[in-house]
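Q:
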Amino acid sequence: MAFEGLSEKLQNAFKNLRGKGQISEADLRITMREIRLALLDADVNFTVVRDFVKKVQNQAKGEKVLEGLNPGQQIVKIVDDELTAMMGGSATELTKAPKIPTVIMMVGLQGAGKTTTVGKLAKRLKQDEHARPLLIAADVYRPAAIDQLEQVGKQIDVPVFSEGTDVDPVQIVQDGLAQARENHNDYVFIDTAGRLQIDEKLMHELEEIKTVSHPNDILLVVDAMTGQNAVETAQGFNEDLNLTGVILTKLDGDTRGGAALSIKAVTGKPILFTGQGEKMTDLDVFHPDRMASRILG
Ligand code: GDP
């Protein structure tokens, strides 16, 4: 499970405050040092950790007295609130277009879980809102990518728009959107090409797709297990495309949690969902407050 190590270390950090009627500067310093190390061990971005510690320290020194809580509990509460804020505060929902279809452009590096996540999201909308999504296969560089999206579509019983690998992806997106309008699909997912790393040609293509499709959301899919690389990837994509949010996959295999804790603070863009496994149902809404409570145990 994600955050196991961090949970344990944070709980240890609070031990020396437990039951104390008053907390000295020295006590606080020791606890903050342990919290700082715990976050760094969890692979949280260095600058994010520094800012976090500063904020907690300032508030703890400000001694705002909260009714019913002893000093130790008050520090835990401050840490809880700051962890929640660091991950974005409250949950972020998908943007809905005033007029159908809502267009969701999905981007990400190869292997991050983009195609799988398109399926998971479409399935969720179908179930929750009786939505009628259309999936557009815009990755023309790997024939296997189109096959895979078609298989996902079959699995969740959602149509896939594809024109093979010989048509320009920008054209495919335009044709797919025309079909969605004709068929009154209420959601369109554009499954764009992924590469092993960010390159200029890909970014240029994604910018063009963005221009013609006017997406309501541009969601980056990143692999939680890659830690700070996921954060860098998010920064890179965000600079070029101005993302609206992030989906963090493979949280089920991430023992540290650094990406989940850093992405919002570094990029300013919230995590909307997390992938918790390979099945089409393994997608959770990301609730920063619940995640913070889970971390603090
Ligand atoms: P794409 O290249 O970005 O489209 O990635 P895929 O959708 O093909 O996913 C790559 C691999 O990651 C596949 O084996 C997926 O089953 C797997 N995968 C995707 N999301 C998750 C997740 O949340 N948890 C786990 N454990 N595996 C995932």
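According to my numbering, the residues represented by the sequence shown are 921 to 1217, in order.
Built from N, CA and C at the ideal position, the CB exists for glycine as well.
Taking the beta strand (DSSP E) that residue 1166 belongs to, which residues open and close that run?
A: Translated into positions along the sequence shown, residue 1166 becomes position 246. Start and end: 1165-1169.
Q: Ordered along the chain, which non-local residues of its own chain (more than five positions away) have a Cβ less than 8 angstroms from that of residue 924?
A: Position 4 of the sequence shown, counted from the start, is the residue given in the question as residue 924. Within the same chain, residue 924 has close Cβ partners 1175.
Q: What separation, rounded to the nearest whole angstrom, lies between the Cα atoms of residue 1144 and residue 1185?
A: Counting from one through the sequence shown, the residue named residue 1144 turns up at place 224. Counting from one through the sequence shown, the residue named residue 1185 turns up at place 265. Rounded to the nearest angstrom, the two C-alpha atoms are 15 angstroms apart.
Q: Drop a sphere of 10 angstroms on the beta-carbon of residue 922, count the other beta-carbons inside from all chains shown, and report buried for 16 or more, exposed for fewer.
A: The sequence position of residue 922 within the sequence shown is 2, counting from 1. That one is buried.
Q: Tell me which residues share the same chain as residue 1023 and place their Cβ nearer than 6 angstroms to its Cβ, disregarding the 5 neighbours each side in the sequence.
A: Within the sequence shown, residue 1023 is the residue found at index 103, counting from 1. Answer for residue 1023: 1108, 1133, 1135 and 1136, listed in chain order.
Q: DSSP three-state label for residue 971, please.
A: Within the sequence shown, numbered from 1, the residue matching residue 971 stands at position 51. Looking at residue 971 - three-state DSSP - the assignment turns out to be helix.
Q: Ignore the nearest five residues each way along the sequence and tell me which others in residue 1173's own chain have a CB closer than 7 angstroms to its CB.
A: Locating residue 1173 in the sequence shown gives position 253, where the first residue counts as 1. Excluding positions up to five away in sequence, the list reads 1145.
Q: Can you tell me which of the three DSSP states residue 1022 falls into?
A: For the purposes of this step, residue 1022 is identified with residue 102 of the sequence shown, where counting begins at 1. Of the three classes helix, strand and coil, the one that applies to residue 1022 here is strand, per DSSP.
Q: From residue 1007 to residue 1127, what does the alpha carbon distance come to, in whole angstroms?
A: Locating residue 1007 in the sequence shown gives position 87, where the first residue counts as 1. Locating residue 1127 in the sequence shown gives position 207, where the first residue counts as 1. Taking the straight line from one Cα to the other gives about 27 angstroms.
Q: Using alpha carbons as the reference points, say which of 1138, 1102, 1152 and 1160 lies closest to residue 1122.
A: Reading the sequence shown from its first residue, position 202 is the one you call residue 1122. Of the candidates 1138, 1102, 1152 and 1160, the one whose C-alpha sits nearest the C-alpha of residue 1122 is 1160.
Q: Kindly indicate which residue of 981, 1010 and 1014 has the alpha-carbon position closest to the one of residue 998.
A: As a position in the sequence shown, residue 998 is number 78, starting the count at 1. With distances taken between Cα atoms, residue 998 lies closest to 981.
Q: Enumerate, from N- to C-terminal direction, the unbroken beta strand (DSSP E) stretches of 3 or more residues contained entirely within the region 1029-1066.
A: Entirely contained in the region 1029-1066, the beta strand (DSSP E) runs reaching 3 residues are, in chain order, 1053-1058.
Q: Quick one: residues in its chain with C-beta nearer than 7 angstroms to the C-beta of residue 1028, no 5 flanking neighbours on either side, listed in chain order?
A: If you number the sequence shown from 1, residue 1028 lands on position 108. Same-chain partners within the cutoff: 1034, 1114, 1140, 1141 and 1142.
Q: So, residue 1195 versus residue 1037, is the Cβ gap smaller than 9 angstroms?
A: Translated into the one-based positions of the sequence shown, residue 1195 becomes position 275. Translated into the one-based positions of the sequence shown, residue 1037 becomes position 117. Cβ atoms of residue 1195 and residue 1037: closer than 9 angstroms.
Q: With residue 1194 as the anchor, note down where its beta strand (DSSP E) starts and where it stops.
A: Your numbering for residue 1194 matches position 274 in the sequence shown. Counting along the chain, the beta strand (DSSP E) containing residue 1194 begins and ends at 1191-1195.
Q: Nearest to residue 1058 by CA position, among 1042, 1043, 1051 and 1086, is which residue?
A: Translated into the one-based positions of the sequence shown, residue 1058 becomes position 138. It is 1086 whose Cα lies nearest to the Cα of residue 1058.
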